[in-house]
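A quick write-up on the structure given underneath.
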Amino acid sequence: MNQLQFAQMINEHKTMLSTFALKFTKDNDDANDLIQDTMVKAIRFSAGFKEGTNVKGWLYTIMRNTFINDYRKVIKTQSLISQEEELSSAHLMHSATHNQVDGAFAMRDIKRAIGNLPEALSAPFIRYVEGYKYHEIAIELNLPIGTIKTHIHEARKRLKKQLQIYRSGQCN
1 MNQLQFAQMI NEHKTMLSTF ALKFTKDNDD ANDLIQDTMV KAIRFSAGFK EGTNVKGWLY
61 TIMRNTFIND YRKVIKTQSL ISQEEELSSA HLMHSATHNQ VDGAFAMRDI KRAIGNLPEA
121 LSAPFIRYVE GYKYHEIAIE LNLPIGTIKT HIHEARKRLK KQLQIYRSGQ CN
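Under the UniProt record's numbering, the letters of the sequence shown match residues 1 to 172, in that order.
Structure, rendered in C-alpha coordinates:
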(Lines of atoms letter the chains of each structure in order from A and count residues from 1; the text may use other names and numbers.)
(Lines give C-alpha, C1' and ligand atoms only; values in the text may rest on other atoms or scores of the structure.)
Protein backbone atom coordinates (compact mmCIF):
# COMPACT_ATOMS: atom_id res chain seq x y z
CA MET A 1 0.00 0.00 0.00
CA ASN A 2 1.46 3.36 -1.00
CA GLN A 3 1.41 6.56 1.07
CA LEU A 4 -1.64 8.00 -0.74
CA GLN A 5 -3.69 4.82 -0.29
CA PHE A 6 -2.72 4.68 3.35
CA ALA A 7 -3.71 8.33 3.89
CA GLN A 8 -7.09 7.68 2.24
CA MET A 9 -7.63 4.60 4.41
CA ILE A 10 -6.97 6.41 7.68
CA ASN A 11 -8.98 9.43 6.53
CA GLU A 12 -12.04 7.14 6.39
CA HIS A 13 -11.76 6.82 10.19
CA LYS A 14 -11.67 10.55 10.88
CA THR A 15 -15.24 10.60 12.25
CA MET A 16 -14.43 7.83 14.72
CA LEU A 17 -11.29 9.72 15.74
CA SER A 18 -13.21 12.95 16.29
CA THR A 19 -15.57 11.18 18.70
CA PHE A 20 -12.66 9.88 20.77
CA ALA A 21 -10.74 13.15 20.55
CA LEU A 22 -13.71 15.07 21.95
CA LYS A 23 -14.02 12.59 24.81
CA PHE A 24 -10.34 13.11 25.63
CA THR A 25 -10.16 16.88 25.30
CA LYS A 26 -13.73 18.07 25.98
CA ASP A 27 -13.03 20.99 23.60
CA ASN A 28 -13.65 21.18 19.84
CA ASP A 29 -10.46 23.08 18.97
CA ASP A 30 -8.26 20.83 21.09
CA ALA A 31 -10.01 17.78 19.62
CA ASN A 32 -9.27 19.00 16.09
CA ASP A 33 -5.61 19.54 17.02
CA LEU A 34 -5.45 16.05 18.50
CA ILE A 35 -6.98 14.53 15.35
CA GLN A 36 -4.48 16.39 13.19
CA ASP A 37 -1.54 15.27 15.36
CA THR A 38 -2.83 11.69 15.25
CA MET A 39 -3.17 11.71 11.46
CA VAL A 40 0.30 13.20 10.99
CA LYS A 41 1.86 10.59 13.28
CA ALA A 42 -0.07 7.78 11.60
CA ILE A 43 1.23 8.84 8.19
CA ARG A 44 4.75 9.40 9.52
CA PHE A 45 4.83 5.94 11.10
CA SER A 46 2.83 4.17 8.39
CA ALA A 47 5.67 1.70 7.93
CA GLY A 48 4.86 0.38 11.41
CA PHE A 49 1.29 -0.48 10.40
CA LYS A 50 0.78 -4.09 9.38
CA GLU A 51 -1.88 -4.61 6.73
CA GLY A 52 -4.73 -6.76 7.94
CA THR A 53 -4.57 -5.47 11.51
CA ASN A 54 -7.19 -3.30 13.15
CA VAL A 55 -6.59 0.20 11.77
CA LYS A 56 -9.15 1.73 14.17
CA GLY A 57 -7.34 0.28 17.18
CA TRP A 58 -3.97 1.40 15.80
CA LEU A 59 -5.22 4.96 15.24
CA TYR A 60 -6.91 5.03 18.65
CA THR A 61 -3.65 3.95 20.32
CA ILE A 62 -1.74 6.71 18.53
CA MET A 63 -4.38 9.24 19.59
CA ARG A 64 -4.43 8.08 23.20
CA ASN A 65 -0.64 8.14 23.47
CA THR A 66 -0.47 11.57 21.84
CA PHE A 67 -3.06 12.92 24.27
CA ILE A 68 -1.25 11.43 27.28
CA ASN A 69 2.14 12.79 26.17
CA ASP A 70 0.69 16.25 25.53
CA TYR A 71 -1.05 16.18 28.92
CA ARG A 72 2.22 15.27 30.64
CA LYS A 73 3.99 18.17 28.90
CA VAL A 74 1.32 20.61 30.06
CA ILE A 75 1.47 19.34 33.65
CA LYS A 76 5.27 19.53 33.65
CA THR A 77 5.17 23.09 32.29
CA GLN A 78 2.54 24.17 34.83
CA SER A 79 4.53 22.73 37.72
CA LEU A 80 7.52 24.87 36.73
CA ILE A 81 5.55 28.09 36.87
CA SER A 82 5.50 29.65 40.34
CA GLN A 83 3.07 32.11 41.86
CA GLU A 84 4.34 35.71 42.24
CA GLU A 85 3.48 35.80 45.96
CA GLU A 86 5.98 33.01 46.57
CA LEU A 87 8.83 34.94 44.98
CA SER A 88 9.84 37.40 47.69
CA SER A 89 13.56 38.24 47.69
CA ALA A 90 14.05 36.85 51.23
CA HIS A 91 12.35 33.62 50.24
CA LEU A 92 14.47 33.39 47.09
CA MET A 93 17.72 33.99 48.98
CA HIS A 94 16.93 31.31 51.57
CA SER A 95 15.68 28.91 48.93
CA ALA A 96 18.68 29.41 46.64
CA THR A 97 21.20 28.83 49.44
CA HIS A 98 19.31 25.83 50.79
CA ASN A 99 18.73 24.33 47.33
CA GLN A 100 22.34 24.83 46.26
CA VAL A 101 23.69 22.80 49.18
CA ASP A 102 21.00 20.11 48.99
CA GLY A 103 21.30 20.02 45.22
CA ALA A 104 25.05 19.45 45.33
CA PHE A 105 24.65 16.47 47.68
CA ALA A 106 21.76 15.07 45.68
CA MET A 107 23.60 15.40 42.35
CA ARG A 108 26.66 13.69 43.80
CA ASP A 109 24.51 10.83 45.06
CA ILE A 110 22.59 10.56 41.77
CA LYS A 111 25.80 10.49 39.71
CA ARG A 112 27.25 7.85 42.02
CA ALA A 113 24.07 5.75 41.80
CA ILE A 114 24.02 5.95 37.99
CA GLY A 115 27.73 5.11 37.96
CA ASN A 116 26.98 1.97 39.98
CA LEU A 117 24.56 0.72 37.33
CA PRO A 118 25.80 -1.83 34.80
CA GLU A 119 26.54 -0.25 31.39
CA ALA A 120 23.64 -2.19 29.85
CA LEU A 121 21.25 -0.28 32.15
CA SER A 122 22.97 3.08 32.43
CA ALA A 123 23.45 3.71 28.68
CA PRO A 124 19.74 3.54 27.74
CA PHE A 125 18.69 5.25 30.99
CA ILE A 126 20.98 8.23 30.39
CA ARG A 127 19.71 8.57 26.80
CA TYR A 128 16.13 8.44 28.08
CA VAL A 129 16.80 11.16 30.66
CA GLU A 130 18.41 13.25 27.92
CA GLY A 131 15.06 13.19 26.12
CA TYR A 132 15.51 10.47 23.53
CA LYS A 133 12.49 8.31 22.68
CA TYR A 134 12.58 4.54 23.19
CA HIS A 135 12.78 3.81 19.47
CA GLU A 136 15.65 6.29 19.02
CA ILE A 137 17.60 4.64 21.84
CA ALA A 138 16.89 1.21 20.36
CA ILE A 139 18.28 2.29 17.00
CA GLU A 140 21.35 3.92 18.54
CA LEU A 141 22.19 0.95 20.75
CA ASN A 142 21.10 -1.62 18.16
CA LEU A 143 18.78 -3.38 20.61
CA PRO A 144 15.08 -4.33 20.44
CA ILE A 145 12.74 -1.65 21.82
CA GLY A 146 11.41 -4.11 24.43
CA THR A 147 14.92 -4.62 25.75
CA ILE A 148 15.41 -0.86 25.97
CA LYS A 149 12.18 -0.46 27.93
CA THR A 150 13.18 -3.29 30.28
CA HIS A 151 16.65 -1.84 30.86
CA ILE A 152 15.26 1.63 31.59
CA HIS A 153 12.67 0.17 33.95
CA GLU A 154 15.32 -1.86 35.77
CA ALA A 155 17.61 1.20 36.02
CA ARG A 156 14.76 3.24 37.52
CA LYS A 157 14.01 0.49 40.01
CA ARG A 158 17.62 0.24 41.14
CA LEU A 159 18.07 4.01 41.34
CA LYS A 160 14.85 4.35 43.31
CA LYS A 161 16.16 1.82 45.81
CA GLN A 162 19.61 3.46 46.04
CA LEU A 163 18.17 6.97 46.40
CA GLN A 164 15.36 6.02 48.81
CA ILE A 165 16.62 8.60 51.33
CA TYR A 166 15.48 11.41 49.03
CA ARG A 167 12.01 9.93 48.56
CA SER A 168 11.25 9.56 52.25
CA GLY A 169 12.43 13.05 53.15
CA GLN A 170 15.11 11.71 55.50
CA CYS A 171 17.78 13.93 53.95
CA ASN A 172 16.34 17.19 55.37
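For every residue, glycine included, the Cβ atom is placed at its ideal position computed from N, Cα and C.
Item: Three-state secondary structure (DSSP) of L143; Value: coil
Item: Reduced DSSP category for H151 - H, G, I as helix; E, B as strand; rest coil; Value: helix
Item: DSSP state of L34 mapped onto helix, strand, coil; Value: helix
Item: Cβ-Cβ distance between Q162 and A113 below 8 Å; Value: yes
Item: Burial state of Y128 (16 or more Cβ within 10 Å); Value: buried
Item: C-alpha distance - I152 paired with L4, whole-angstrom precision; Value: 37 Å
Item: Distance CB(N56)-CB(I35) smaller than 8 Å; Value: With the sequence shown as reference, residue 56 is identified as Lys, and Asn is not the correct amino acid for it. For K56 and I35, no; Cβs fall outside 8 Å.
Item: L121 (DSSP reduced to helix, strand or coil); Value: helix
Item: I75 to I68 span [Cα, whole Å]; Value: 11 Å
Item: Neighbourhood of E84 by C-beta distance below 6 Å, restricted to the same chain and skipping five residues each side; Value: With a pLDDT of 46 at E84, under the threshold of 50, the predicted position of this residue should be treated as unreliable, and no value is reported.
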